[in-house]
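Please read the structure below before turning to the comments.
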Amino acid sequence: MNKIQRKKTRRIYIGKVPIGQGAPIAVQSMTKTDTRNIKATVRQIKQLEQAGCEIVRLAVPDMNAAKILGEIKKRIKIPIVADIHFNYRLAIEAIRQGVDGLRINPGNIGDNWKVKEVVSAAKDKKIPIRIGVNSGSLPKDLIDKYGHPSAEAMVEAAERHIEILEKQDFHDIKVSLKASDVLKTVEAYRLFSSKYDYPLHVGITETGPVPEGVVKSSIGIGLLLLEGIGDTIRVSLTDSPITEVRVAYEILRVTGLRQAGIEIISCPTCGRCEIDIKRMVKRVKKALKDIKEPLKIAVMGCSVNGPGEAKEADFGIAGGKKQGIVFVKGKIVKTVKEEELIETLLNYINSYKSSFTNF
Ligand code: SF4
């Protein structure tokens, strides 16, 4: 795969996670618990950490939520971003509680002195601010100017927020420009990226459930990443945040931007298949879920076409009549009964581990 030329952006840090200027594209998600429920929120963040989430955002709807952010932070490892709408007091409290980033639109904070207070607190603690433009909540005058919430209107909205921060000599900025319309989102990011070098948090918003949301996110985020646009991503789904993280990693893997864990190459099956591929894929995924190194595993329906079709796999199995074959780098190494296929595959993976340089 050709290496993607990533757009040059400034470097910021969310906690210890570098964003922009060539840093690996970071995977984010957002908790779906009531932030005030410390136990449930911490449990979900720990599950997210386990899945590989690198930055987590939490909704901060009121002062009670803001005041327990420090307690949540103490119990988790990844950096947290406080998501705040309008209320400067919540932003100040979140900063006091030690959050690693803020998502707040300075243009919505209100009086200038309130903005100044938030910005100077963020500056003191070296906390970046994400400007999050959403096509659904653009200022009325911009909608009037452009006739509809267009990509240009979204970029102009972001420019207004940026201007407010730059006037305070604040440049620790990250920007997102989200719409639920995939092509509009892509257009907005392209336009912004041609004008600014602030790092971009890329995502499509309100994409819906699986599989619709996965398709929308993959096309939108994927298109941008392939053009070199994007420094951190979030897949937004009406589903578990763990699924969001898994989908995000798949997008990064497919675009060749990050390789981690196992990649399953499995066939769609056809009339030649005589084994239960779906169940086998499930078992292989479960057995190898903790492998962090890149490894391609093929699970194919028949031994006639299977090994050939999955030549690029490191290890694979292919079915036959009540039996199957195990292959390594396209070469058949063993024929076993169907029920022994997975165990034999896992044994081969374990014994070959050390001989693979990328393992
Ligand atoms: Fe059909 Fe075999 Fe190809 Fe699977 S690998 S789709 S079973 S021909």
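Using my numbering, you'd call the opening residue of the sequence shown number 0 and step up by one each time.
All C-beta atoms, glycine included, are put in the ideal place defined by N, C-alpha and C.
- Taking a C-beta distance under 8 angstroms as the contact criterion, R282 and I341 qualify as a contact pair.
- Judged by DSSP secondary structure, F191 falls outside any beta strand (DSSP E) and instead within the alpha helix (DSSP H) spanning V181 to K194.
- Checking the 7 angstroms criterion, the Cβ of M299 is within range of a heavy atom belonging to ligand 1.
- For the alpha helix (DSSP H) assignment, the uninterrupted runs of no fewer than 4 residues enclosed by the stretch 20-57 are, from N- to C-terminal side, 37-50.
- In the DSSP assignment, P17 falls within the beta strand (DSSP E) that extends over V16 to I18.
- Per the DSSP secondary-structure output, T334 pairs in a beta bridge with I324.
- In the displayed model, E262 falls within a strand according to three-state DSSP.
- In the structure shown, V234 adopts coil according to DSSP, grouped into three states.
- An exposed status is given to F85, since fewer than 16 other beta-carbon atoms sit within 10 Å of its beta-carbon.
- R257 carries a coil assignment under DSSP once its states are collapsed to helix, strand and coil.
- Taking the Cα of G260 as reference, the smallest distance to any Cα among E339, G307, I290 and L57 is reached at I290.
- Collapsing the DSSP output to three states places K113 in a helix.
- If you compare the alpha carbons of A156, Y197, L182 and S175 with that of F169, the shortest gap goes to Y197.
- Counting along the chain, N63 sits inside the alpha helix (DSSP H) bounded by residues M62 to K66.
- At a threshold of 7 angstroms, C52 does not count as near ligand 1, since its beta carbon sits no closer than that to any of the ligand's heavy atoms.
- Closest by C-alpha distance to T268, out of L287, S302, S239 and K285, is S302.
- Distance from the CA atom of F314 to the CA atom of L344, rounded to whole angstroms, is 7 angstroms.
- With a contact defined as Cβ atoms closer than 8 angstroms, A309 and I264 qualify at about 5 angstroms.
- DSSP places R129 in the strand class (E or B) of the three-state scheme.
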